[in-house]
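Trainee: Below is a structure I'd like to ask you about.
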Amino acid sequence: MDHENATHQGSCYCGAVKVTVSGPPLAAGYCHCLECRKWHSAPINAFAIWPAGKVTLEGDTMASAVSEDSARVSCRQCGGCVANRKPTMDITGVYPMTLAGPANTFHFEPAFHIFYEERVMNVNDGLPKYVDLPEMFGGSGRTVHESQNTGWRSTERAG
Ligand SMILES: [Zn+2]
Ligand SMILES: [Zn+2]
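Residue numbers (this note's numbering): 1427 to 1585.
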């Protein structure tokens, strides 16, 4: 577990936007929702959430808000994804791979999968797999049994 006051720094793809987080995240895991898959153009998205006041973004960013409670922030120069602001919950998601690199000091410790019902990939890692969100984040708290296999989800759609 991170030290209470430890800070970790990262940047976007081109380096123009600096990301600084302070202290340990409130939660970290993988998201399988359609919005994340569209925005990152990736089958699974790794996330970590901090209180909004613990995340600092420096540089020329732009926010792509699709709803009042979510604004995805990217670098205006390279388009690299850096954060997801959730103003109604006063939290900010930072993509842990933003903090990756030779000087990375942040240790990503995924605890669960969210929106697993929407997945395009099965993951067999033993972590809890929530249909939507854990109850502490306003979800149903229901989980899905994981498949024996990791890999692209076939045409089966049953939970
Ligand atoms: Zn950039
Ligand atoms: Zn998502």
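Glycine included, C-beta positions come from ideal geometry on N, C-alpha and C. Computed from a predicted structure; not experimentally measured.
(1) Once you ignore the five residues that flank Ala1584 on each side, which residues in its own chain have a CB closer than 6 Å to its CB?
(2) Alpha carbon to alpha carbon, how far is Ser1586 from Asn1575?
(3) Can you give me the Cβ contacts of Arg1502 inside the same chain, cut-off strictly under 7 Å, excluding the 5 residues immediately before and after it?
(4) Do the CB positions of Val1546 and His1458 come within less than 9 Å of each other?
(5) Who are the Cβ neighbours of Glu1561 in its own chain at under 8 Å, not counting the five residues just before and after it?
(6) Would you check whether ligand 2 has a heavy atom nearer than 8 Å to the C-beta of Thr1473?
(7) Does chain E have any CB closer than 9 Å to the CB of Glu1535?
(8) DSSP has Pro1477 in a bridge; who is on the other side?
Mentor: Walking through what the data contain:
(1) Counted from its first residue, the sequence shown places residue 1584 at position 158. Legend: pLDDT at Ala1584 = 48, less than 50; position of this residue unreliable, value from coordinates given subsequently. Closer than 6 Å at Cβ, skipping near neighbours: no residue.
(2) Residue 1586 is absent from the model: the chain starts at 1427 and stops at 1585.
(3) By 1-based counting over the sequence shown, the position of residue 1502 is 76. Correct list, in chain order: Asp1486, Thr1487, Met1488.
(4) Counting from 1 along the sequence shown, the entry for residue 1546 is found at position 120. Counting from 1 along the sequence shown, the entry for residue 1458 is found at position 32. In contact: Val1546 and His1458 (Cβ atoms closer than 9 Å).
(5) Start at 1 with the first residue of the sequence shown, and residue 1561 comes out as number 135. These residues qualify, in order along the chain: Gly1567.
(6) Taking the first residue of the sequence shown as position 1, residue 1473 is located at position 47. Per the sequence shown, the amino acid found at residue 1473 is Phe instead of Thr. Answer for Phe1473: yes, Cβ within range of ligand 2.
(7) Among the chains in the structure shown there is no chain E, since it carries only a single protein chain.
(8) Within the sequence shown, the letter at position 51 stands for residue 1477. Ile1517, per the DSSP bridge assignment.
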